[in-house]
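Trainee: Quick one: structure below, then a few questions.
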Amino acid sequence: MRIVADRARCEGHGLCADVAPEVYELDDDAIVVLLHETVPPELERKAEGGARVCPVAALRVEA
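Following numbering that gives the first Met the number 0, the numbering of the sequence shown begins with 0 at its first residue and continues without gaps.
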């Protein structure tokens, strides 16, 4: 699976990184950065959880 980040939509709330720090982090401007181009199977559930909690829907899960 992959996560697609709409960096223009990201407002830097950081909830994704709180839920899944192995998948998401925030850069110096508080914009989401994906740590994996393809999410490893063992992190898929966390990645989905991080995408779900984004209050501005800046993250999308693709199979």
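Virtual Cβ for every residue (Gly too), placed ideally from N, Cα, C.
For H12 and E21, what's the separation of their Cα atoms in angstroms?
Mentor: C-alpha separation (whole angstroms): 17 Å.
Trainee: Give me the residue from R1, C9, M0 with the minimum Cα distance to V71.
Mentor: Only positions 0 to 62 of the chain appear in this structure, which leaves residue 71 out of reach.
Trainee: Along the alpha helix (DSSP H) that carries E47, what are the first and last residues, could you check?
Mentor: Segment 43 to 51, the alpha helix (DSSP H) holding E47.
Trainee: Pick helix, strand or coil for V22, following the three-state DSSP scheme.
Mentor: Coil, per DSSP.
Trainee: Report the CB separation of Y23 from G49 in whole angstroms; it is logged as a contact under 8 Å.
Mentor: About 5 Å; that satisfies the 8 Å criterion.
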